[in-house]
Amino acid sequence: MALVLSIQHWRHYLLGKEFVVYTDHRSLKHFLQQRISSPDQQCWLAKLLGYQFEVKYKPGLENKAADALSRCYDGELATMVHQPIWLGSSQLLQEVLHDDSVKKLKEELMSNPDGKPGFQIQHGVLYYQGRLVLGSQSPSIPALLKEFHETPMGGHSGFLRTYRRIAENLYWVGMQKTIRDYVRACDICQRQKYATTTPGGLLQPLPIPNAVWEDISIDFVTGLPKSKGFEAVLVVVDRLSKYSHFILMKHPYTARTVAEVFAKEVVRLHGIPSSIVSDRDPVFVSNFWRELFKLQGTTLNMSSAYHPESDGQTEVTNRCLESYLRCFAIEQPKTWSHWIPWAEYWYNTTFHVSIGKSPFEVVYGRQPPKLLRYLSNETKVAAVAADLKDRDEALSQLKLHLLKAQQQMQIYANKKRRDLSFDVGEWVFLKLRPHRQQSVLRRMNQKLAARFYGPFKIIEKIGAVAYKLQLPDDSRIHPVFHVSLLKRAVGDYQAQGDLPKALEVNDEAEIYPIQVLGSRINWQAGVATPQSLIQWKDRSIDDVTWEDNDVIRGQFPNFNLEDKVLIEEGGIDRDENVGLNVSGPKPPIWRVYKRKRVKGN
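All residue numbers for the sequence shown refer to my numbering, where the first residue is 278 and numbers rise by one.
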């Protein structure tokens, strides 16, 4: 094969001339005289017809020119390095020989050899257990620490691994403390390494309300499949009785629509609450929501940034609701809205350990009616005739149960937490966990993203376990964070760090759809899925992607898919093929019309 390729490559020089081919492959010498027995040989022979050449054998030892050309040149082989290049260098040895602290140790060793066990002098150089001894103030120590910790060989290892690696060859007085301080102050390690300690900040229970439906918590359950047009659930929980309302919601919902539903389903039954605990959902941080409840005299208690655990009561209720729906709608997920009324009845009539009774009993002062009461021997009158308990006594017992439950939860929670506090003016690193979108952001690599950002300066302490940070001027993130998201910065910092570029603000991605370029129906497994061709903010036309309409409506409820393209009927003011690299006229659309028969013919 090499013979054929080489002759074809130089064909313009070889045609019409006689030439000689030298090769270390002996069998090629008889290629033109031997009997052809394979199709490959027949093909090769046909390609060599028309050339006048002779093949001569040349052993590989003599064929040096061709052998050299067939091998890849990779330079001279370097000497194998068995130890770091700095070890034994003249500069380091000269430094050791002239160091005053090392000289003092050598003098003490020479005057009293038994007083310094492990030390020995070889060729005028001091060693400790076979390791080179440096002065504790040696100017080479910072460079050595950088080589053993920050280089690819060091790998930004922790204290013990870095110490072990250095201690194989070197020793100086106070070596462990020097290495530990250097590793703790490493800027890259503080940003990229995860914290192995327990979360900071002890549990701070919210104050117990004085009356039912006076203080509530509120949150959304999203990400559900569309069921009868509903895609989310608004969960409202009374913080005293634990009584809950599960309200069906449709996308897109705004602060105004949520306020209307809240007034219809909650205020109509229980009146205006005095306080509302929520996370920092865009609906709850909107100006409309704030101003509305400010006029009603309601206090809005929102969680700190990236710490939804502050609204733990509603998060637990959400988890119970999701578990209930999974149990009953697992076979037909799109029927989950049918089970919401039963889920609310189940939750409110179930015994709660924290209050010692069911929420229904707390609110109405009696046991919930039994669904099977007509199957028993009791009469309807006997089932309904129940004495109401004294309200003051019931509330006092309820507060006592809640207080005991809070104390027990506080004990259990603090076993896995530690008391952590900072002073105003300190510099801290901030742990951010930006929410991952399920669409275009899925292509961004979050695995190698930094774990901590900053450092940032603490400018105010909010409550017992929250701090306000001095963020960059162009940041729109709420500057108050829970202490569990903070880590004390080690080292001398004077300037603040930066936030991640792809960070979401109030759970709204900065990557946002700005235009619909086309539409289609995607058929998979016999199911038709409407899709739209989306152009994203700050991205080129080459980055347009086909996205499911339901996904876009769920993640970006304020974006109107019908703005540029009618999803059902195609484009209204632009070509559907824009951005698809499709050129030329569209094919004609053939239609078949049935001819109407005329009566009497």
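In this text, a Cβ means the ideal position worked out from N, Cα and C, and glycines have one as well.
Which same chain residues end up closer than 6 Å to Val298 when comparing Cβ atoms and leaving out the 5 residues on each side of it in sequence?
Around Val298: Phe330, Val332.
Can you say whether Ile607 is buried or exposed, counting buried as having 16 or more other CB atoms within 10 angstroms of its CB?
Under this definition Ile607 is an exposed residue.
Per the DSSP calculation, Arg797 is bridged to which residue(s)?
Checking the DSSP bridge columns, you'll see Arg797 partnered with Gln808.
Nearest to Leu280 by CA position, among Tyr334, Tyr624, Gln573, is which residue?
The shortest C-alpha separation from Leu280 is found at Tyr334.
Nearest-angstrom Cα separation, counted from Ile284 out to Leu338
Rounded to the nearest angstrom, the two C-alpha atoms are 23 Å apart.
May I have the straight-line CA-CA distance separating Glu384 from Pro732, to the nearest angstrom?
Using only the alpha carbons, I get a separation of about 47 Å.
Which of the three DSSP states, helix, strand or coil, is assigned to Asn564?
Asn564: helix per DSSP, three-state reduction.
Quick check on Glu737: buried or exposed, where buried means 16 or more other Cβ atoms within 10 Å of its Cβ?
Exposed is the label assigned to Glu737, since fewer than 16 other Cβ atoms lie within 10 Å of its Cβ.
Sorted by chain position, which residues of the same chain lie with C-beta nearer than 6 Å to Arg442's C-beta, five sequence neighbours on each side aside?
Within the same chain, Arg442 has close Cβ partners Phe425.
Can you tell me where the alpha helix (DSSP H) with Pro618 in it begins and where it stops?
Pro618: member of the alpha helix (DSSP H) spanning 617–625, first to last residue.
What would DSSP say about Gln329, mapped onto helix, strand or coil?
Gln329: strand per DSSP, three-state reduction.
Could you compute how far the alpha carbon of Trp490 sits from the alpha carbon of Asn564?
Near 24 Å, if we compare the C-alpha coordinates of Asn564 and Trp490.
Quick one: grab the DSSP three-state call for Val630.
DSSP, read as helix, strand or coil, puts Val630 in coil.
Could you tell me the distance, in whole angstroms, from the CA atom of Val460 to the CA atom of Arg765?
Rounded to the nearest whole angstrom, the CA to CA distance from Val460 to Arg765 is 14 Å.
Please classify Val554: does DSSP put it in a helix, a strand, or coil?
DSSP places Val554 in strand when its eight states are reduced to three.
Sequence-distant residues of its chain with Cβ nearer than 6 Å to Asn625 (five each side left out)
These residues qualify, in order along the chain: Tyr520, Pro636, Phe637.
Once DSSP output is grouped into helix, strand and coil, what is the label at Asn595?
Looking at Asn595 - three-state DSSP - the assignment turns out to be helix.
Start and end of the beta strand (DSSP E) containing Glu295?
295–300 is the extent of the beta strand (DSSP E) around Glu295.
Give every residue of the same chain whose Cβ lies closer than 6 Å to the Cβ of Ala532, excluding the five residues on either side of it in the sequence, and list them in chain order.
Answer for Ala532: Val560, Ser563, Phe565, Trp566, listed in chain order.
Suppose the cutoff is 8 Å on Cβ atoms and the five residues either side in sequence are ignored; what does the same chain contact list for Ile829 look like?
Excluding residues within five positions, the ones whose Cβ falls inside 8 Å are Ser716, Pro790, Ser809, Ile811, Phe836, Leu838.
Please give the ranges of any alpha helix (DSSP H) in the stretch 464–546, keeping only runs that are unbroken, at least 4 residues long and fully inside the region.
Complete alpha helix (DSSP H) runs here, min 4: 464–469, 532–539.
At which residues does the alpha helix (DSSP H) containing Thr439 begin and terminate?
For Thr439, the uninterrupted alpha helix (DSSP H) run begins and ends at 436–444, by DSSP.
Candidates Trp619, Leu483, Asn578: closest to Ile524 by CA position:
Per the Cα distances, Trp619.
Does the pairing of the stretch 427–441 with the stretch 405–417 give three or more beta-carbon distances under 8 Å?
These segments do not touch.
Going by other Cβ atoms of all chains shown within 10 Å of its Cβ, with 16 needed for buried, is Val661 buried or exposed?
Only weak support is given to the placement of Val661: the predicted model assigns it a pLDDT of 40, under 50, and the question is left unresolved by the model.
State the Cα-Cα distance for the pair Gln590 and Tyr641, rounded to the nearest angstrom.
Going by the C-alpha atoms only, they are around 21 Å apart.
Please check the pair Val767 and Gln467, which I expect to be a contact at CB under 8 Å, by giving their CB distance rounded to whole angstroms.
Contact between Val767 and Gln467 holds: their C-beta atoms lie close to 7 Å from each other, under 8 Å.
Is Ser494 near Val554, with beta carbons less than 7 Å apart?
In contact: Ser494 and Val554 (Cβ atoms closer than 7 Å).
List the endpoints of the continuous alpha helix (DSSP H) containing Asn826.
It spans 826–832 - the alpha helix (DSSP H) in which Asn826 sits, taken as one unbroken run.
So the alpha helix (DSSP H) Tyr404 belongs to, where does it begin and stop?
Boundaries for Tyr404: no alpha helix (DSSP H) harbours it, while the beta strand (DSSP E) harbouring it runs 402–405, taken from the DSSP string.
Rounded to whole angstroms, what's the CA-CA distance from Lys381 to Glu372? Just pull it up for me.
The alpha-carbon atoms of Lys381 and Glu372 are separated by roughly 14 Å.
Based on DSSP bridge pairs, tell me the residues matched to Tyr334.
Thr300, per the DSSP bridge assignment.
Can you grab the Cα-Cα spacing for the pair Asp750 / Asn578, in whole Å?
Distance between Asp750 and Asn578, taken at the CA atoms: about 25 Å.
For Glu737, which beta-bridge partners are listed by DSSP?
Glu737 pairs with Lys745.
Within its chain, find whatever has a CB closer than 7 Å to the CB of Phe308; leave out the 5 residues flanking it on each side and keep chain order.
Cβ within range, chain order: Val332.
Report all residues from its chain with a CB closer than 6 Å to the CB of Trp321; omit the five preceding and five following residues, and keep chain order.
Contacts found: Val281.
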